[in-house]
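So for the sequence shown, numbering that gives the first Met the number 0 puts the first residue at 0; every next one is plus one.
Encoded as structure tokens, the structure appears first; notes follow it.
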Amino acid sequence: MWRWWIVAVAWLPQSVWASVPGFSGMAPLNDSAFVVVLDRKSYAEGERLGIVRMTPSSGYEYRPVLIEEWRSPDGQASDLESLCALPGRDGEFLLAESGTWQGRYGRVFHVRLQGERAEVMAVYPLPRRVDSAPGVDGDNVEGMVCLASDQGFKVIIAERGGSSHYPQGELRLGEFAPRSGRLEWQDEPLMQVTAPGPRRPGRRAISDLHLGADGTLWASATDDGGDAGPFRSMIYAVAQLNPAPAGPLLRPVLKRGKGWIIDGFKVEALSGPVSGVADSVMSFATEDEHYPGVWRPLLPPLTDFDALQW
């Protein structure tokens, strides 16, 4: 006896099936969207820039941004780890690679965003202290903040730390003058940075930076057990911006105060809150290596780092 079965197959658009990539840096585009960078190496196909946009129906969506011409003899970006928006110049950003590899890369790209495309306007070198190579863990820039200044912009970059050359994190200062096409870096670091708690193998003191509206400079730190994890991240206050023209640009915090501990995720991107999410004070995104990335808003912090018994 023959029996006939009807099988219904539902077709879903590709965006439903595709996992969200990991994000290694984030900056605000508007009050409901962020520009993000991806840390693909030079030989890897795929976009290096994207947009995360809040949506009423699905929480958020990710869209890739196309850059056709990178204006550099080393070709497309390799290992982008941070970016910042240029205040007062809508749609313009600086994107930074982690550092040099055997004398190549280590670039900062000045880009202008137009919809889901971006144009590279100019390319500048990062400061180089230790060139990475097989067996050499050199410079690793993983955070960047841009501030308006009389000459153009002050650019703060963060070395992540956690290596023999950089046991601690470091903040360095540059001056960016787009009209004259100059990005110049100070020789001495602004300050050294140590993450809360005891040092551990795989601890990176800075995986991104975020400057709050009140002038607090925040950093994320990560404990990285490998591409399969486990991960732990902390978001903590590093310094306070000095609003006065005289004196140091940053004043290190005397006490850690309150922050966040986020278990199971590798936070590599920080930015501000998003409209439409009540009570959010900051947002983060992750680069979880073998796992899909996530974006999430944050409530005010509860963890008192000074009171923890490590």
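Even for Gly, the Cβ is constructed at its ideal location relative to N, Cα and C.
Computed from a predicted structure; not experimentally measured.
Residues near residue i in its chain [Cβ-Cβ closer than 7 Å; skip 5 each side]
i       : result
Lys-254 : Asp-305
Pro-296 : Pro-272, Val-273, Val-276, Ser-279, Ser-282
Gly-45  : Arg-39
Ala-26  : Phe-33, Val-34, Leu-82, Cys-83, Ala-84, Phe-92, Ser-270
Gly-211 : Trp-217
Pro-55  : none
Limits of the unbroken beta strand (DSSP E) element including residue i
i       : result
Phe-191 : Reading off the sequence shown, one finds Gln at residue 191, where the question assumed Phe. Start and end: 190 to 192.
His-209 : 202 to 210
Arg-159 : It is not in any beta strand (DSSP E) - Arg-159 carries neither H nor E in the DSSP assignment.
Tyr-290 : Careful: Tyr-290 lies outside any beta strand (DSSP E) and carries neither H nor E.
Gln-239 : 230 to 240
Phe-175 : 168 to 176
Trp-217 : 215 to 223
Sequence-distant residues of the same chain with beta carbon closer than 6 Å to residue i, five excluded per side
i       : result
Ser-23  : Val-36, Asp-38, Glu-80, Glu-267, Glu-286
Gly-90  : Arg-111, Leu-112
Phe-175 : Gly-151, Phe-152, Val-154, Leu-182
Leu-301 : none
Arg-70  : Val-119, Val-122
Val-293 : Thr-285
Ala-7   : For Ala-7, the predicted model reports a pLDDT of 40, less than 50, meaning its position is unreliable; a value from the coordinates is still stated below. Hits under 6 Å: none found.
Leu-28  : Val-34
Ala-95  : Ser-81, Val-107, Val-140, Met-143
Bridge partner(s) assigned by DSSP for residue i
i       : result
Tyr-123 : Val-107
Leu-85  : Its beta-bridge partners do not exist; DSSP assigns none.
Ala-32  : Asn-29, Arg-52
Leu-307 : Answer is none; Leu-307 lacks a bridge partner.
Phe-152 : Ala-147, Phe-175
Arg-181 : Ala-176
Trp-294 : Ala-284
Gly-58  : Thr-54
Pro-63  : Gly-49
Arg-250 : Gln-239
Gln-113 : Arg-116
For residue j and residue i, believed in contact at Cβ under 8 Å, the rounded distance
i       : j       : result
Cys-83  : Val-144 : 6 Å
Leu-65  : Arg-106 : Contact doesn't hold; Cβ gap of about 19 Å is too wide.
Ala-220 : Arg-198 : With 8 Å as the limit, Ala-220 and Arg-198 do not qualify as a contact, their Cβ atoms being about 11 Å apart.
Ala-147 : Pro-86  : 4 Å
C-beta atoms of residue i and residue j nearer than 8 Å
i       : j       : result
Glu-68  : Val-34  : no
Val-395 : Tyr-61  : Residue 395 is absent from the structure shown; the chain starts at 0 and stops at 309.
Ala-76  : Phe-108 : yes
Gln-185 : Leu-170 : no
Ile-205 : Arg-159 : yes
Leu-216 : Leu-269 : no
Asp-207 : Arg-231 : no
Gly-102 : Ala-218 : no
Ser-57  : Asp-78  : no
Val-192 : Val-237 : yes
Gln-239 : Gly-214 : yes
Asp-222 : Glu-288 : no
Pro-72  : Gly-49  : no
Nonlocal neighbours in the same chain, by C-beta distance under 8 Å from residue i, ignoring five residues either side
i       : result
Leu-307 : Pro-195, Gly-196
Thr-99  : Gly-105, Leu-125, Arg-127, Asp-130, Ser-131, Gly-137, Asp-138
Met-0   : Because Met-0 carries a pLDDT of 43, less than 50, the predicted location of this residue cannot be relied on, and no value is offered for it.
Proximity test, Cβ basis, 8 Å: residue i and chain D
i       : result
Asp-226 : No chain D appears in this structure, which consists of one protein chain only.
Distance cut-off 7 Å: residue i Cβ against heavy atoms of the ligand ATP
i       : result
Trp-309 : Of ligands this structure carries none, so the ligand ATP is not represented either.
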